[in-house]
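A quick write-up on the structure given underneath.
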Amino acid sequence: MKRIKKIKIVIAGPFAAGKTQFINTVSEIKTVQTERRTSTPGERSVKDYTTVAMDFGKIRIDDEHELYLFGTPGQSRFDFMWEILGEGALGIIILVDSTDPSTFHEARKIINFFSSRFPVPMVVGANKQDLPNAWPPEDVATALDISEEEGIPVVPVSAIDKESVKRVLLTLLEMIKAELTS
Amino acid sequence: MALTGDLKTFNFVDIFQVIAKDKKSGILLVEWPDITVAYYIKDGHVIFARPVDRVFRVYVERDFDLLIEKLRISKENLFKTVERFLIERLNLKDGVFSFTPGFVKYGSNSYGDVYPIEKIIMLASRNLLQEEVERKISDELLVFEPVENTQDVIERAELTPEEQKVLSLVNGERTVYDIRKDSGLDSLTVDRALYGLLALGVIKRKKKERKQKPSIALDLLMKIIERIKEL
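The listed protein sequences correspond, in order, to chains A and B. Converting from the first sequence to the numbering used here requires adding 34 to each position, the first position being numbered 1. Converting from the second sequence to the numbering used here requires adding 993 to each position, the first position being numbered 1.
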């Protein structure tokens, strides 16, 4: 039997940023989820279930390769999983809920966490752009203290929209290509 | 499109950082527990503050010159409203905000003395609580570096001697831990200064250089790109 090689992209971001939805939208398999009921009243007011270990979705590339999309748990109490999931990743996508500035600082911490440990290309997806109170990506970038020189593009996304999710993935892949060919 | 949030989780330094970045104009409305105040922002500066009993009035009275004439406020006294309804409230954390860009018409380019936004950012940063500074100065191993050509911003910010000292120690090499130690200042003062300077855009996080190329062959990467496009 031919051994399938796995290529990994990590989808990280604060609690309720839309990571599981992002993976669901493009995965060719039903996303494998490790969800439990939310445990704190604050979390419960946002959603009933949350990822506790990881989510993963899969896209078949050819007979020998599969692209795995690993979603991390959002809460920092699970940051040991971020470390495990980040290992060997080709690139990292940080999703941010553009409608909820209370999560922007947490998003920045997550960016710091991954960029200090895994020197791979990173893209920020300013998610939930389909909602009326979403902050524009350029303001999200300012709030996250992302300067142009940092080389982390902030792109608009709506995780329920396939084309939009594809755009984020392609932005990351084009960055990787640029690094390979430079 | 309005930018909305809660002061408990997105403080005045953060708000004014976003407003100052592109020199935005519009109305910042803050609903405090006691009053609701409309802050008029022109080209990134707060030029007027006005308590409002009915919010819709703010959005109806769009001609700024007519408004201040109606309120009988001279251009020279506009900054006093900012002092009273903003500067004195920078330490209050209980409130929700919304910033709506545009829609106010200004007949003049100048409205007397204004509080530079840079100064307000630093004033606000001096009121940050420990838990607030930790949101950005989250790790004592963080390294910041100065941003070039920001002397005019620094002048408008009117830094205290402590803040100037912290700024002088930011060199792209020292960690937050080093700056705390070398400045001889207490941690909260250092962290507040770094938070404010970061919001001003006069310092930035030092970018880590990537030393290795991505571990994937180019032809495989191209296959992945094509596959994603097909989805």
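Quick reminder that beta carbons are idealized off the backbone N, C-alpha and C, glycines included.
Minimum Cβ-Cβ distance from residue i to chain B less than 7 Å
i	result
residue 116(A)	no
residue 180(A)	no
residue 197(A)	no
residue 103(A)	no
residue 58(A)	no
residue 95(A)	yes
residue 211(A)	yes
residue 98(A)	no
residue 206(A)	no
residue 135(A)	yes
residue 89(A)	no
residue 121(A)	no
residue 167(A)	yes
residue 160(A)	no
residue 164(A)	no
residue 173(A)	yes
residue 193(A)	no
residue 177(A)	yes
residue 214(A)	yes
residue 203(A)	yes
residue 124(A)	yes
residue 200(A)	yes
residue 143(A)	yes
Beta-ladder partner(s) of residue i, from DSSP
i	result
residue 156(A)	126(A)
residue 1198(B)	1137(B)
residue 1073(B)	Answer is none; residue 1073(B) lacks a bridge partner.
residue 1091(B)	997(B), 1022(B)
residue 103(A)	43(A), 91(A)
residue 1030(B)	1023(B), 1044(B)
residue 1035(B)	1038(B)
residue 1056(B)	1098(B)
residue 1168(B)	1136(B)
residue 131(A)	161(A)
residue 1108(B)	1039(B)
residue 66(A)	90(A)
Neighbour flag for residue i against chain A, beta carbons, 7 Å
i	result
residue 1016(B)	no
residue 1131(B)	yes
residue 1011(B)	yes
residue 1003(B)	yes
residue 1209(B)	yes
residue 1224(B)	yes
residue 1063(B)	no
residue 1147(B)	no
residue 1162(B)	no
residue 1214(B)	yes
residue 1181(B)	no
residue 1073(B)	no
residue 1206(B)	yes
residue 1082(B)	no
residue 1218(B)	yes
residue 996(B)	yes
residue 1034(B)	no
residue 1221(B)	yes
Cβ-Cβ distance between residue i and residue j below 7 Å
i	j	result
residue 941(B)	residue 1016(B)	The requested residue 941(B) does not occur in the structure, where chain B is confined to residues 994 to 1224.
residue 1188(B)	residue 1118(B)	yes
residue 38(A)	residue 100(A)	yes
residue 1012(B)	residue 1037(B)	yes
residue 171(A)	residue 188(A)	yes
residue 1040(B)	residue 1085(B)	no
residue 124(A)	residue 1209(B)	yes
residue 155(A)	residue 93(A)	no
residue 1009(B)	residue 1042(B)	no
residue 137(A)	residue 162(A)	no
residue 57(A)	residue 1217(B)	no
residue 1185(B)	residue 1089(B)	no
residue 55(A)	residue 193(A)	yes
residue 1149(B)	residue 1202(B)	no
residue 995(B)	residue 1131(B)	no
residue 1140(B)	residue 1199(B)	no
residue 1114(B)	residue 1192(B)	yes
residue 199(A)	residue 65(A)	no
residue 1168(B)	residue 1134(B)	yes
residue 1083(B)	residue 1116(B)	yes
The ligand NAP heavy atom lying under 6 Å from the CB of residue i
i	result
residue 62(A)	What this structure holds is no ligand at all, so the ligand NAP is not there to describe.
Chain D contact for residue i (CB, 7 Å cutoff)
i	result
residue 1128(B)	Of the protein chains in the structure, A and B, none is chain D.
**OP:** Just list the beta strand (DSSP E) runs in the segment 1125 to 1150 of chain B, keeping only unbroken ones of 3 residues or longer that don't cross its boundaries, in chain order.
**Re:** For the segment 1125 to 1150 of chain B, whole beta strand (DSSP E) runs of length 3 or above, ordered along the chain, are 1137 to 1139.
Subject >> contact_flag[the segment 122 to 131 of chain A, the segment 39 to 48 of chain A] where n(CB pairs < 8 Å) is 3 or more >> reply: yes
**OP:** Run through the segment 139 to 208 of chain A for me and flag every whole alpha helix (DSSP H) of 4 or more residues, listed as ranges in chain order.
**Re:** 171 to 177
Original post:
Given 8 Å as the limit, is there contact between the segment 143 to 157 of chain A and the segment 1153 to 1162 of chain B, that is, 3 or more CB pairs closer than that?
Top reply: no
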